[in-house]
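Trainee: Residue numbers (UniProt numbering), protein chains in the order written: chain E, 1 to 106; chain H, 1 to 106.
1) Taking Cβ-Cβ distances below 7 Å as the criterion, which residues of the region 2–34 of chain E are in contact with chain H?
2) Less than 8 Å between the beta carbons of residue 81 of chain E and residue 72 of chain E, yes or no?
3) Should the region 14–28 of chain E be called in touch with the region 51–58 of chain E, which here means at least 3 C-beta pairs below 8 Å?
4) With a Cβ-Cβ cutoff of 8 Å, do residue 22 of chain H and residue 93 of chain E count as a contact?
5) Sorted by chain position, which residues of the same chain lie with C-beta nearer than 8 Å to residue 66 of chain E's C-beta, five sequence neighbours on each side aside?
6) Using a 10 Å radius around the Cβ and a threshold of 16 neighbouring Cβ atoms, would you call residue 100 of chain H buried or exposed?
7) DSSP three-state call for residue 48 of chain H: helix, strand or coil?
8) Residue 7 of chain E by DSSP, collapsed to three states: which one?
9) Only counting the same chain, and skipping five residues up and downstream in sequence, which positions put a Cβ closer than 7 Å to that of residue 105 of chain E?
10) Of all the CB atoms in chain E, is at least one closer than 8 Å to the CB of residue 103 of chain H?
11) In terms of residues, what are the limits of the alpha helix (DSSP H) holding residue 55 of chain E?
12) May I ask you to report which of helix, strand or coil DSSP gives residue 1 of chain H?
13) Compute the distance between the beta-carbons of residue 91 of chain E and residue 98 of chain E, then report whether it is under 8 Å.
14) Roughly how many angstroms lie between the CA atoms of residue 77 of chain H and residue 7 of chain H, to the nearest whole one?
15) Mind checking which residues open and close the beta strand (DSSP E) that includes residue 82 of chain H?
16) Select from E/102, E/27, E/39 the residue whose C-alpha is nearest the C-alpha of residue 59 of chain E.
17) By alpha-carbon positions, which one of H/47, H/70, H/61, H/38 ends up nearest to residue 79 of chain H?
18) Between which residues of its own chain and residue 62 of chain H is the CB-CB distance below 6 Å, once the five residues before and five after are set aside?
19) I need the straight-line Cα distance from residue 36 of chain H to residue 10 of chain E, nearest angstrom please.
What follows is the structure, given as structure tokens:
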């Protein structure tokens, strides 16, 4: 098994679409991931650091949905994948959106 | 055919859930309806005043999704149904969310 060095595709800022962002966020598990990432400056390995009670393949699906929508950036680090919130891009495109969602009582 | 006087069910403010709001907004037609309603203080009859290029039954489905999520309020007025954006509720629950979405270039 080699290192996971493949660079995963991410939409550029101007390729991010609001419908995809909203769809990505409209799920309790993905919203929880986003809330956790919002607390973490340097990003995290969701599979290692979050106890979401879901299978690795389900987690992979959710993180991919977030990545493809432009909500998170996923970067290989050794054998892990570190996810981080694309707050700069989202705040630039949709000022207030992320804060409004993170402020949600539920 | 009598007048459409039935009062449609709406979630109270504290029953509105962020996942349902985001799901309701994560659709191009519904987002367009919301953008139009955001311009209209007094609300509008979506079927009469918006040219969305969709069938009446599809429009009904979209407006119902928005209503059940707590994004719009639908009130009978004569034989019409007037939809209006629940901006007060959404701004109170998720400050910045709606403005961030409405500011989206696309």
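A virtual CB, placed ideally from N, CA and C, is assigned to each residue, including glycine.
Mentor: From the atom records:
1) For the region 2–34 of chain E, which is checked against every Cβ of chain H, the residues closer than 7 Å are 17, 18, 19, 22, 23, 25, 26, 27, 28, 31.
2) Result no, Cβ atoms of residue 81 of chain E and residue 72 of chain E do not sit closer than 8 Å.
3) Contact between the region 14–28 of chain E and the region 51–58 of chain E is absent, because fewer than three Cβ pairs lie under 8 Å.
4) No, they are not a contact pair.
5) Excluding positions up to five away in sequence, the list reads 24, 30, 33, 34, 72, 83.
6) It is buried - the Cβ of residue 100 of chain H has at least 16 other Cβ atoms within 10 Å.
7) Three-state DSSP puts residue 48 of chain H in a helix.
8) The answer is coil: DSSP assigns residue 7 of chain E none of H, G, I, E or B.
9) For residue 105 of chain E, where only same-chain residues beyond five positions count, there are no Cβ hits under 7 Å.
10) Residue-level contact by beta carbon holds for residue 103 of chain H and chain E, with a gap shorter than 8 Å.
11) It is not in any alpha helix (DSSP H) - residue 55 of chain E carries neither H nor E in the DSSP assignment.
12) Annotation note: pLDDT 45 at residue 1 of chain H (below 50); position unreliable, coordinate value reported separately. Here residue 1 of chain H sits in coil by DSSP.
13) Yes, Cβ-Cβ distance for residue 91 of chain E and residue 98 of chain E is below 8 Å.
14) Cα-Cα distance, rounded: 11 Å.
15) That run of the beta strand (DSSP E) goes 80–85.
16) For residue 59 of chain E, the nearest C-alpha among the options comes from E/27.
17) The option with the nearest alpha carbon to residue 79 of chain H is H/47.
18) Around residue 62 of chain H: 29, 30.
19) Cα to Cα, residue 36 of chain H sits roughly 31 Å from residue 10 of chain E.
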